[in-house]
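Trainee: The sequence shown begins at 3 in this note's numbering and counts up by one. Think of the CB as a built atom: it goes at the ideal place given N, C-alpha and C, for glycine as much as any other residue.
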Amino acid sequence: KMTQQMRDLQLAQARKPPGPSSPNAAKRLYRNLSGKFRVNYTSFDEGTLVGRGEKEKLRKSYLFQSNAALFEAVELQDLDRVQELLKQYSPEELDLNTPNSEGLLPLDIAIMTNNAPIARALLQAGAKESPHFVSLESRSLHLSTLVREAEQRVNELTAQVVNEAPTADCSEKEKQLKAWEWRYRLYKRMKAGFEHARVPDVPTNVHLSVASSSSVQVTFWEPLSANSAVVTKYKVEWSCSPTFSPVLGEAIVDKLKDLHFTIQGLVSGTAYYVQVSAYNMKGWGPPQASVPPFAVPSNWREYDGRAPRRRGQAEALDHLLGQVKTVHQHCVCHEPCKNQPQSRKHSVSKSLKHLFHPGSKFLKTLKRGLYLTAIFYKDDNILVTHEDQIPVVEIDDTYSCLLMQDFLWFTKVSCMWDEILWLRQCVTVSQSSCSCILQTRFKMLLAISQMQGLLGIQDLGQVFFEPVKDKQGNILIVTLKEVKTNQTFESVRWVPICKLQSSRKSVSSPEEPTALDTLLISVQDKLTYHQRSSHALPPGLYLGYLKLCSAVDQIRVLVPEQLPNVLCHVKIRSNPNISREEWEWLQKMVSVEEPAPAEPKAETSQSHLFLELQVAIKELMTLVNIPLQEAKDFRLYSQEVLDFGEQVSFLLLLPPSDDVCTAPGQNNPYTPRSGFLTLPLQIFELGEE
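Below, the structure is given as structure tokens:
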């Protein structure tokens with residue numbers, strides 16, 4: 003009776019008829035999909051379609067076939083085909099959570115045949131169990147009914163085939179008989195799988211950590227037992243009592259790609275106990291208490307009541323800049339600039355025509371001097387002038403030795419591309435005539451304005467961390483910007499980088515290449531650096547290594563090539579928060595009065611951090627090629643945790659005081675392996691911002 007009600011419900015919804023019910027039917031379906039249906043429906047000849055109605059019918063037929071194929075692949079336990087379909091179609095296109103006419107979902111079939119790999123693949127794609135199975139009894143009754151009806155149908159068809167003479171109808175009934183025999187065996191296997199299953203064991207590695215001053219996070223793994231049915235969801239419970247009486251709250255975790263849950267809205271300073279239990283088709287298993295058994299929501303700043311370092315800094319700087327602008331509004335030095343237009347509101351496509359205009363002031367060759375070049379790229383293409391040159395403008399033809407202070411000043415100006423006109427007004431020719439430094443910087447501002455005007459683009463991008471020089475006395479300051487829009491511009495010439503490199507005729511010798519030749523040869527490396535420097539770290543707590551080296555005019559910092567906007571680092575854990583208890587333990591560990599604190603007690607947050615730090619330090623020492631025995635003289639920076647937003651934080655590992663910064667000529671016995679570079683400290687600070 004219950005099965006009949008389910009079928010009536012499915013027919014009323016008219017969602018879909020049953021799919022093919024035999025292995026042979028499935029094979030025919032797969033052949034059809036691999037031929038006619040496995041290509042995108044929009045690739046069919048449009049001339050054969052009458053209109054949109056025809057295309058929509060074709061699309062629905064196409065999606066129906068993919069849905070039927072998924073059911074067949076699950077029934078045949080074809081993991082590769084299931085994964086292929088889940089990758090090719092969205093859950094909505096597959097109708098992943100709509101029962102078939104037997105009241106079953108693909109996940110029901112997978113878990114009742116105890117096919118764990120397919121069940122996990124379906125769960126990660128968002129598959130659910132059938133909502134009709136509200137109890138163990140209802141599932142058992144439904145399976146018994148399916149088995150009984152399939153057996154009855156097999157008996158009926160067997161009698162008809164035996165009693166009838168060989169005819170075309172008899173041949174068709176033999177096919178039906180084989181299909182029903184196969185389905186009868188499938189239902190019996192599902193029923194046996196359900197009857198032999200038991201509730202799941204406890205989840206493993208249930209770990210509790212403090213996520214913030216008002217939240218805790220629990221992570222866990224699947225139960226170890228391979229004999230129970232597939233787990234389809236988990237329950238997280240929390241309480242202020244170790245006996246969980248009463249339970250303050252609970253949550254269901256049914257997205258099983260990442261097994262973790264963050265409990266929000268807790269009271270700071272209160273201990274919370276957490277336990278996790280697993281569920282399968284036989285019900286809920288026993289709960290497993292977390293390790294440590296409780297956690298107290300807190301943050302390391304509560305140790306001494308410290309406010310965030312950057313709180314209000316951005317607002318204060320904006321206010322200060324506004325004050326400076328106000329003071330300069332009526333300055334006499336602005337008089338020569340009053341008649342200048344406030345802005346050049348050319349459209350990008352119109353202004354980019356300057357690239358190809360015969361009167362363009364882009365340079366073809368370099369004399370002895372200082373120049374600015376802007377590299378705009380999109381995918382593997384680079385923007386060039388009408389003469390296939392990277393845009394270059396002159397800054398100063400009498401400046402043959404770029405001082406590091408001037409270059410670092412230029413990098414700071416790159417944070418204010420939209421304010422160049424105002425900066426020029428602040429540094430007028432009359433003011434700059436009395437200072438070589440001001441003259442050079444005024445010429446830099448003029449060159450920036452010229453480049454912006456010729457390109458029609460205010461934002462010239464990020465300054466490369468070092469200029470390109472040659473032996474002829476040419477110096478190139480390079481800016482890089484990626485163009486991500488798909489918009490096409492009239493008359494704009496995008497040239498593949500490889501083509502530009504191969505077609506350029508060098509005017510220099512390989513032994514002494516010009517700055518432009520050097521730039522072109524190394525342009526791909528510079529684009530790679532630019533892309534990597536914009537990458538962000540995944541959320542977590544990291545251990546960073548601070549190593550500096552000084553020169554006559556600058557200090558440089560060691561960074562990884564793969565992520566040059568952060569220090570050399572390894573990940574400690576995914577939770578970025580340091581709790582008050584953990585920070586208190588760290589303070590004791592690094593204190594002079596207690597140089598060798600005892601290892602923290604087991605099953606505490608401090609003990610987990612202790613083990614995590616041990617692993618991270620070993621990994622970091624290997625990364626930077628420093629023998630582990632040398633690490634005994636290293637120190638943890640204990641003044642603060644470096645917070646970068648709410649999702650990334652750093653603990654710093656420092657060499658001995660005398661080795662933090664290597665002086666010029668000082669021997670460094672432990673040179674990092676390849677994969678690192680040193681950036682000027684000011685450049686690194688701009689990139690880190």
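What residue range does the alpha helix (DSSP H) around His537 cover?
Mentor: First-last for His537: undefined, no H or E at that position.
Trainee: Let me know if Arg675 comes out buried or exposed under the rule of 16 or more other beta-carbons within 10 Å of its beta-carbon.
Mentor: exposed
Trainee: Go ahead and pull the three-state DSSP assignment for Asn99.
Mentor: coil
Trainee: Would you report the Cα separation of Ala553 and Ala297, rounded to the nearest angstrom?
Mentor: Rounded to whole angstroms, the gap between the alpha carbons of Ala553 and Ala297 is 48 Å.
Trainee: Beta carbon of Cys663, beta carbon of Cys570: below 8 Å?
Mentor: no
Trainee: Between the beta-carbon of Asn116 and the beta-carbon of Ala231, is there less than 8 Å?
Mentor: yes
Trainee: Rounded C-beta distance between Ile574 and Tyr544? I'm assuming under 8 Å.
Mentor: 6 Å
Trainee: Alpha carbon to alpha carbon, what distance is there between Gln631 and Thr413?
Mentor: Cα to Cα, the separation comes out at about 40 Å.
Trainee: In three-state terms, what does DSSP make of Asp420?
Mentor: DSSP places Asp420 in helix when its eight states are reduced to three.
Trainee: Take Ser593 and list the residues in its own chain whose beta-carbon comes closer than 6 Å to its own, dropping the five residues that flank it on each side.
Mentor: none
Trainee: Does the region 467-476 come within contact of the region 368-377, defined as at least 3 CB pairs closer than 8 Å?
Mentor: Counting C-beta pairs closer than 8 Å gives three or more between the region 467-476 and the region 368-377, which meets the contact rule.
Trainee: Report the CB separation of Asp1 from Lys284 in whole angstroms; it is logged as a contact under 8 Å.
Mentor: This structure cannot settle anything about residue 1, because the visible part of the chain is limited to 3 through 691.
Trainee: Please determine, among Arg83, Asn301 and Ser140, the residue with the shortest C-alpha to C-alpha distance to Ile120.
Mentor: Arg83
Trainee: Taking the beta carbon of Met453 as the centre, do at least 16 other beta carbons fall within 10 Å, making it buried, or is it exposed?
Mentor: buried
Trainee: From this set, Leu124, Val568 and Glu614, which residue's C-alpha is nearest Asn577's C-alpha?
Mentor: Glu614
Trainee: In its own chain, which residues sit with a C-beta less than 6 Å from the C-beta of Lys193, not counting the 5 before and 5 after it?
Mentor: Leu145 and Val149
Trainee: Which residues in the same chain have their Cβ closer than 7 Å to the Cβ of Ile447, if we skip the five residues on either side of it in sequence?
Mentor: Correcting the residue identity first, residue 447 is Leu in this sequence and not Ile. Closer than 7 Å at Cβ, skipping near neighbours: Ile422, Leu425, Arg426 and Val429.
Trainee: Just checking my contact of Val395 with Leu365 at CB under 8 Å: how many whole Å lie between their CB atoms?
Mentor: 7 Å
Trainee: Just curious, the alpha helix (DSSP H) that Leu612 is in, first and last residue?
Mentor: Looking at the sequence shown, residue 612 is not Leu but Phe. Ser607 to Leu625 is the span of the alpha helix (DSSP H), which, as asked, contains Phe612.
Trainee: Tell me the DSSP secondary structure of Lys89 in three-state form.
Mentor: helix
Trainee: For His388, which of helix, strand or coil comes out of DSSP?
Mentor: coil
Trainee: Indicate whether Ile580 and Val650 have their beta-carbon atoms separated by less than 8 Å.
Mentor: no
Trainee: In angstroms, rounded to a whole number, what distance separates the CA positions of Leu638 and Leu529?
Mentor: 35 Å
Trainee: By a C-beta neighbour count over all protein chains shown, 10 Å radius and 16 as the cutoff for buried, is His209 buried or exposed?
Mentor: A residue is called buried once 16 or more other Cβ atoms fall within 10 Å of its Cβ, and His209 is buried on that count.
Trainee: Which residues mark the beginning and the end of the beta strand (DSSP E) in which Leu109 is found?
Mentor: Run containing Leu109: none in the beta strand (DSSP E); it sits in the alpha helix (DSSP H), Pro108 to Met114.
Trainee: Tell whether a beta-carbon distance below 8 Å holds between Val156 and Tyr186.
Mentor: yes
Trainee: If you drop the 5 nearest sequence neighbours on each side, which residues of the same chain put their C-beta closer than 8 Å to that of Ala273?
Mentor: Cβ within range, chain order: Cys242, Phe296, Ala297 and Val298.
Trainee: Less than 6 Å between C-beta atoms, sequence neighbours within five positions excluded: which residues of the same chain meet that for Glu239?
Mentor: Once the five neighbours on either side are set aside, the close Cβ partners of Glu239 are Val249, Glu252 and Gln277.
Trainee: According to DSSP, is Tyr305 helix, strand or coil?
Mentor: helix
Trainee: DSSP has Ile685 in a bridge; who is on the other side?
Mentor: Answer is none; Ile685 lacks a bridge partner.
Trainee: Please say whether Pro562 and Phe678 have beta carbons closer to each other than 8 Å?
Mentor: yes
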